[in-house]
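When the count follows the working numbering, it moves up by one through the sequence shown with no breaks and lands on 103 for the last residue.
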Amino acid sequence: MSHEAGTPRRAVVVATKSVGVSILLTVLFGPLGMLYSTVSGGVIMLIATLVLAVFTFGLGVLITWPICIIWGAVATNSYNEKLVAGARNV
Numbered sequence: 014m015s016h017e018a019g020t021p022r023r024a025v026v027v028a029t030k031s032v033g034v035s036i037l038l039t040v041l042f043g044p045l046g047m048l049y050s051t052v053s054g055g056v057i058m059l060i061a062t063l064v065l066a067v068f069t070f071g072l073g074v075l076i077t078w079p080i081c082i083i084w085g086a087v088a089t090n091s092y093n094e095k096l097v098a099g100a101r102n103v
């Protein structure tokens, strides 16, 4: 992308997301906390957690909650890497 003399350059500033905040939110709120890092993942895990909790009398949460924590942290890290890679290409 070339920059001609006399034309102003524009910059879009987008903040990165904190992996620590993502982990904290998913530890406290499970799938709802995932909405910070990945909306689609949060919705998927919310449905999966509710269905599994009904069929296992709530014990399924012991499986889905850690999955939410890991998925949320990975999704946040991936989001940040994409932002950095996109900034390098500009």
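Even glycine gets a Cβ: it sits at the ideal position worked out from N, Cα and C.
Straight-line Cα distance separating Gly46 from Gly73: As a working mapping, residue 73 is identified with position 60 in the sequence shown. As a working mapping, residue 46 is identified with position 33 in the sequence shown. Between Gly73 and Gly46, the C-alpha separation is close to 18 Å.
Rounded separation between Trp84 and Arg23 - CA only: Here residue 84 corresponds to residue number 71 of the sequence shown, with the count starting at 1. Here residue 23 corresponds to residue number 10 of the sequence shown, with the count starting at 1. Straight-line spacing of the CA atoms in Trp84 and Arg23 works out to 34 Å.
Inter-residue CB distance, Pro79 and Leu59 (contact presumed, cutoff 8 Å): Looking up residue 79 in the sequence shown gives position 66. Looking up residue 59 in the sequence shown gives position 46. Here Pro79 is actually not in contact with Leu59; their C-beta atoms are around 15 Å apart, not less than 8 Å.
Cβ-based burial, Ala98 [other Cβ within 10 Å; buried from 16]: Locating residue 98 in the sequence shown gives position 85, counting from the first residue. So Ala98 ends up on the exposed side.
Cα-Cα separation between Ile76 and Val67, rounded to whole angstroms: Locating residue 76 in the sequence shown gives position 63, where the first residue counts as 1. Locating residue 67 in the sequence shown gives position 54, where the first residue counts as 1. So the alpha carbons of these two residues sit roughly 13 Å apart.
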